[in-house]
Every structure is written in structure tokens, then in C-alpha cells.
Amino acid sequence: MASSVTTYDTTWVTPRTWSTGELVTATLLNTHLRDQLAALKSPGYFQCEIDEAANYTTTSATFADVDATNLSATIVTGGGNILVGFSASIDASTTQVVNFVVDVDGTPYPGDDGIGGTSNDMIATGGLVSFSFIIRGLSAGSHTFKLQWKTSAGTATMYAGAGTTNFDNHPRFWGVDLV
Amino acid sequence: MATRIVYSNRTAPSNSDWQAALHTALVAALPGKALGVGSYAPTGKIIAIMDAAATGDDDNTALQVIAAHDTDSRTPEQQAALDDAATAADASTRAANIPSWAGFTEAEALAWLDSHVSATQVNAIANLADAKAVMNDMATLLRAMVRLIVALRDDTWPGLSN
């Protein structure tokens with residue numbers, strides 16, 4: 004078993020503004036037509052897939068990294084919007100709320116208490132937490148995306164493929180550049 | 063508030079309720095600097111969640127608290143919940159041990175009443191010995207009722223007796 008982080012950088016570049024009478028060369032066409040079409044066909048993305056021998060837990064009521072190595076990825080984006088998503092099975096030890104944010108270069112998205120929550124139904128039984136949303140207006144260039152979580156009380160558990168009966172689940176954290 | 067993780071070398075226990083007591087101990091030792099505890103899946107080790115402003119000395123203190131902690135200890139709330147669960151679990155056993163009455167159907171229970179403490183027996187009392195016999199049967203009935211009521215109480219509200 005082994006977690007993995009797959010990344011692919013966006014190759015999109017700012018489209019060229021052509022001038023009347025300008026000579027269109029093979030080099031320019033390859034860059035601004037061929038390569039740009041290829042960038043649209045294969046946008047930048049990342050996917051974190053978790054498969055570990057133990058599960059993640061936290062008692063922190065302040066957002067903190069779930070796993071700065073395996074639930075974190077750095078990719079080059081083309082500037083604009085990024086679609087991010089996450090899914091995992093979460094267990095609550097008591098009546099509590101478990102929340103998540105996507106930290107991008109130190110800025111949490113969304114703000115306040117982020118996304119998510121649990122209910123009494125997840126106490127010692129586990130339940131699916133899943134979200135996807137668009138992070139808007141990122142600059143073109145390299146960005147680091149990290150999954151963070153917190154709990155309002157008790158202990159939150161994220162099943163991580165550790166073989167827990169009926170909860171041998173594998174979290175996914177991913178993002179794709181909406182070039 | 064920015065946070066960071068301090069990774070210990072201590073393996074997290076396999077039971078699911080060790081975190082609460084360690085959280086309490088760590089936050090008490092480093093108020094405002096230690097924010098919680100957890101476990102890091104790739105290593106199975108205990109971690110401390112720290113305020114990003116915590117110092118290296120704070121990290122060392124956190125690691126010492128983690129290393130010294132008895133992971134079998136429980137918070138008062140956890141212990142109370144364990145005690146309540148034990149009381150409730152024991153209640154059905156105690157109810158099952160009430161002679162005869164534990165397994166009586168309604169018909170059998172009424173038949174016992176009719177043959178021991180009904181109006182028939184009361185009206186037949188002719189002397190002190192007869193009266194004592196009926197009252198002794200009533201004592202037996204009351205004793206069984208008390209045991210069953212207490213078992214039902216413990217099953218329904220285990221915290222009352224703890």
C-alpha cells in the first residue's frame with residue numbers, strides 16, 4: 004500500500020495578439036495554436052490518492068494540515084479558476100462538526116469554517132464527506148494546494164485505507180485547472 | 063491562525079479514545095501554543111498540532127508530554143461514559159438472575175400472584191402463622207420487583223447510580 008500524488012503542470016500561455024501583416028511562422032503557430040490546443044486538451048491537475056496502514060485523526064479546533072506530504076500538491080496553473088474536490092469517510096467520536104478547507108499558498112478556501120460538517124450519524128460509524136468547488140482568480144504560475152481540517156470537539160478520524168472493517172476507504176483530494 | 067505539525071516517534075494506540083486525555087494534557091502544558099493532537103497515517107505516530115508561532119522549545123515540551131503520557135488514561139467524561147456503559151451492560155445480567163421472575167410470562171407472573179398474595183390468600187388468613195406466610199410471600203414479590211426496577215433503572219439511566 005502506498006499513497007500517491009500525481010501532478011501535471013498547465014502549459015497554457017497567454018494567447019498572442021497578432022498584428023496585421025505579421026508573418027505567421029511555424030514556431031508561432033506551434034506555440035500559440037498547437038501547444039495551446041494541447042493545453043486545453045490536457046489541463047494541469049493534481050490528484051492525491053491515500054492508501055496507508057493507519058488512519059488520520061485530529062483533536063484540533065484550528066485548521067491544520069491533514070498530511071503535508073500526501074494530501075498536498077504543487078502545480079503550475081495557467082491563471083484563473085481551479086476546480087478542487089475531496090472525498091473521504093470521516094468518523095466522529097462525539098457530537099461534533101468536522102470542517103475542511105483547501106489551503107492555497109497559505110490562504111484558506113473557503114473562509115470561516117470552510118466546508119463540511121458531520122452529524123450524530125457519524126459517531127463511531129463513519130460517513131462520507133465530499134465536496135468540490137471552484138477557486139477563482141489564481142494567478143498564473145506555481146501554487147501549492149493543501150487539505151486542512153479541524154473539529155469542534157472530540158476526535159475526528161479520516162479513514163485512510165488502513166483496513167478498518169467496512170471502512171477500508173481511500174481518500175481523494177484533487178484539482179484541475181479550468182483553462 | 064496558522065498551524066504546523068510536530069511529529070513524535072510514539073506509535074498511536076490502536077484504540078480509538080486515547081486522544082482526549084492527551085489533548086487535555088498537552089493543551090494544559092502549552093496553553094495557546096498546542097492546539098491538539100492526532101495521528102499521522104503514513105507512520106501511525108502521534109502528532110501535535112501547534113500554533114505556527116510556537117518555538118522549538120515548545121515543540122520539545124510537546125514531544126515530552128506525548129512521550130510521558132499514559133495512553134490508557136481517560137478524561138473524567140470518558141470514564142463516566144465507560145462506567146455508565148458497564149452499569150447498563152450489567153443490568154440485563156442482574157435482571158436475568160432474579161429467580162423465577164426473570165423469565166415469567168405475564169400469565170405465569172399473574173398465576174404466582176393468584177396463588178400467593180391475592181385476595182384468596184388474604185381472606186383465608188385464620189391465624190398469625192397464616193398471616194406471616196402471606197407477608198413472607200409479599201416480601202419475596204417485593205424483593206423481585208426491587209431488583210427488576212433497579213435493573214431497568216440502570217439500563218435506562220446508568221448515570222444515576224454512578
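Each protein sequence line maps, in turn, to chains A and B.
Every letter in the first sequence is one number past the one before it in my numbering, and letter 166, counting from 1, is 169.
Every letter in the second sequence is one number past the one before it in my numbering, and letter 122, counting from 1, is 184.
For glycine and all other residues, C-beta sits at the position ideal for the given N, C-alpha and C.
Computed from a prediction, not measured in an experiment: that's the story for all the values here.
Chain-ordered listing is empty here: chain B has no CB closer than 9 Å to the CB of A:Ala95, the nearest sitting near 11 Å. For B:Asp152, not one C-beta of chain A is nearer than 9 Å to its own C-beta.
Buried is the label assigned to B:Ala96, since at least 16 other Cβ atoms lie within 10 Å of its Cβ.
Boundaries of the beta strand (DSSP E) harbouring A:Pro111: Thr110 to Tyr112, taken from the DSSP string.
The residue among B:Gly100, B:Ala142 and B:Leu172 with its C-alpha nearest the C-alpha of B:Leu222 is B:Ala142. When 8 Å is used as the limit between beta carbons, A:Tyr59 is near these residues of chain B: Gly100, Ser101, Tyr102 and Ala103, in chain order. Excluding residues up to 5 positions away in sequence, Ser92, Gly129 and Tyr162 lie with their Cβ nearer than 7 Å to the Cβ of A:Phe170 in the same chain.
B:Gln81 has a beta carbon lying within less than 9 Å of a beta carbon in chain A. Judged by DSSP secondary structure, B:Glu170 falls within the alpha helix (DSSP H) whose first and last residues are Glu168 to His178. Contact annotation for B:Leu97 against chain A: Ser63, Ala64, Thr65 and Ala67 [CB-CB distance below 8 Å, chain order]. The stretch 134 to 153 of chain B and the stretch 208 to 224 of chain B touch, with no fewer than 3 CB-CB distances between them shorter than 8 Å.
Rounded to the nearest angstrom, the Cβ distance from A:Gln50 to A:Arg175 is 7 Å, consistent with a contact under 8 Å.
Every beta strand (DSSP E) stretch that sits fully inside the stretch 91 to 130 of chain B and reaches 3 residues is listed by chain position as 96 to 102 and 107 to 113.
From the beta-carbon of B:His85, the residues of chain A found nearer than 7 Å are Thr62. Using a Cβ-Cβ distance cut-off of 8 Å, the stretch 50 to 70 of chain A and the stretch 19 to 35 of chain A are not in contact, since fewer than three pairs of beta carbons, one from each stretch, lie closer than that value. By the Cβ rule, the stretch 105 to 124 of chain B does not count as touching the stretch 154 to 172 of chain B, because fewer than three pairs are nearer than 8 Å.
Comparing alpha carbon positions, the residue from A:Ser133, A:Arg37 and A:Pro111 closest to A:Phe66 is A:Pro111. In this chain, A:Asp180 is not harboured by any alpha helix (DSSP H); it is covered by the beta strand (DSSP E) spanning Arg175 to Asp180.
Beta-bridge partners of A:Trp152 (DSSP): A:Ala67 and A:Phe103. When 8 Å is used as the limit between beta carbons, B:Ala74 is near these residues of chain A: Ala57 and Thr60, in chain order. Under the criterion of beta carbons closer than 8 Å, A:Ala57 and B:Ala74 qualify as touching, at roughly 7 Å. At a cut-off of 9 Å between beta carbons, A:Gly117 makes no contact with chain B. By the CB criterion at 9 Å, A:Gly109 and B:Ala64 fall inside the cutoff. The beta-carbon of A:Gly109 is placed less than 9 Å from the nearest beta-carbon of chain B. For A:Asn102, no chain B residue has a Cβ inside 8 Å of its Cβ, as the nearest lies near 14 Å away. Proximity of chain B to A:Thr34 at the Cβ level (cut-off 8 Å) is not reached, the minimal Cβ distance being about 40 Å. With respect to A:Thr160, A:Ala71 sits apart: the two C-beta atoms are not nearer than 9 Å. The Cβ atoms of A:Thr80 and A:Thr147 lie no closer than 9 Å to each other.
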